[in-house]
Amino acid sequence: MSHTNISPETQMLGYGYKPELSEGAVKCPIFQTSTFVFKNAEAGKAFFEMAHGKPGHDGEEMGLIYSRINNPDMEILEERLKLWDGGEMAAAFSSGMSAITTTLMTFLSPGDVLLYSNPLYGGTHKLIHHILTNFGIEVVGFRANQDLKEVEQMLLETGHAKRLKMIFVETPANPTNDIIDIEMCRKIADKYSTADNKVLVTVDNTYMGPLWQHPLKLGADIVLYSATKYIGGHSDVIAGAAVGSKELVGSIKKTRTFFGTMIDPHTSWLLMRSLETLKVRMEAAALNAEKVADYLLHHPKVEKVYYLGYTAVNKPEQSEIFNKQYLSNGAMLSFDIAGGEHEAFAFLNNLKHIKLAVSLGSTESLAEHPASMTHSDVPYEEKQELNITDKMVRISVGIENYKDLIWDIEQALEKVQVHEMAV
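All residue numbers for the sequence shown refer to the working numbering, where the first residue is 544 and numbers rise by one.
Below, the structure is given as structure tokens:
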């Protein structure tokens, strides 16, 4: 192509791949190998020096060594993963949690302070509260409805504000769709950064995928994904990703090498396939979610719908943030059924098409009960404060015909007995 502003959805069809190196194959083959043959001993020495960041190799191209370090499928996937977010480099992982864990362990040390948003995905919550704290890292949580002054005050009250090293946010929050202001986080990070310690802003962008929110453009340093979700999009892979600058992601990749949290060749190949349809899948799911949300909003057995499209009504104080951060209302929604766990379970147990399963961002619609499933390990009192109650159901809307989804939801809600509902 002659023009230079080629859109990411077009580049997903071939970016980073050289067919002439693979017998002219249109699609990148699966390089199912653990190790690679060096042309000579000198090349092997040079590749290892580059892998360990030793000087003297400016302008040289890194060669293939061992699939824990690099692999053609992984490298091409990473070249494409950085395109939507506009990052300089990407790293692919064996899961979303391995991406999160490897990133946090790369930059956090004993004595550091991690400031994080609530609510978080249950796995991340467990990591922060029960693992990072064992390494002497202090953790401080804030909520979406707190402004810059309130968050700073919480940080100051710890007495360790000067040891702030990272701000970790998940926005929109899982499962409430609460919005965190990334630019606010950047301001706090800049205030406490010094010449010797840059405070990093890390954003879990899984709920929006690479399409609908671009945190790096809003001041974030690192963007993280469970690539299992929209990037993979077919409920058939487990994977993760990190995107950011060459310096930061380069450091994360070094940790990945020794933690062994890299992605495998076959999963890399599957994700390359999935990236080709990312935009059309996500857009179809978002259109469906709008229809489903509107149906739920007017149902007498539904007390509240947590959907980004209703931010102006449900959370007017977050409308300005929504308008500056998001390009879509997304395809994730939660809702409160009048009653409690009994009524929520009755709904879930009577679904005929929508699958009762955790995860999100796939072609098929999935429904789950956050309080007892994805967020089961979050303390009860904290769940109540964050609106993750027994009456909440989360739905990841897929690409089916929306009329079929609404029919399924309607017939399942009919099975919820009115006399069992709380008054």
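Built from N, CA and C at the ideal position, the CB exists for glycine as well. Keep in mind it's a predicted model, so treat the numbers as computed, not measured.
Taking C-beta separations shorter than 6 Å and ignoring five residues to either side along the sequence, the partners of leucine 813 in its chain run Val780, following chain order. In this structure, DSSP gives threonine 798 a helical state, which the three-state scheme calls helix.
Here tyrosine 849 is buried: its Cβ has 16 or more other Cβ atoms, across all protein chains shown, within 10 Å. Per the C-alpha coordinates, the member of Leu626, Ala594 and Asn548 positioned closest to glycine 559 is Leu626. Relative to aspartate 628, the option among Arg816, Val936 and Val746 whose CA is nearest is Val746. Under the criterion of beta carbons closer than 8 Å, isoleucine 949 and valine 823 do not qualify as touching, at roughly 22 Å. The beta carbon of glycine 684 lies closer than 6 Å to those of Tyr659 and Asn661 in the same chain, with the five residues before and after it left out. In chain order, Glu884 and Asp933 place their CB closer than 8 Å to the CB of serine 915, counting only its own chain and leaving out the 5 sequence neighbours on each side.
Counting every other CB atom within 10 Å of its CB across the protein chains shown gives threonine 737 a total below 16, marking it as exposed. Taking C-beta separations shorter than 6 Å and ignoring five residues to either side along the sequence, the partners of threonine 798 in its chain run Thr645 and Thr649, following chain order. Judged by beta-carbon spacing, leucine 791 lies beyond the 8 Å limit of methionine 709, meaning their Cβ atoms are not closer than that value.
Leu818 is the residue among Leu818, Gln861 and Leu767 whose C-alpha sits nearest the C-alpha of glutamate 552. Taking C-alpha positions only, leucine 624 is separated from glycine 783 by approximately 11 Å.
Under the DSSP assignment, leucine 658 falls in the beta strand (DSSP E) whose first and last residues are 656-661. Secondary structure at glycine 587: helix, using DSSP grouped into helix, strand and coil.
Residue burial annotation: glutamate 713 is buried, with at least 16 other C-beta atoms found within 10 angstroms of its C-beta. In the DSSP assignment, arginine 729 falls within the alpha helix (DSSP H) that extends over 725-735. Runs of beta strand (DSSP E) with 3 or more residues, each lying fully within the stretch 602-682, are found at 632-636 and 656-661, listed in chain order. Its Cα nearest to that of methionine 805, the residue Glu618 stands out among Leu909, Ala832 and Glu618.
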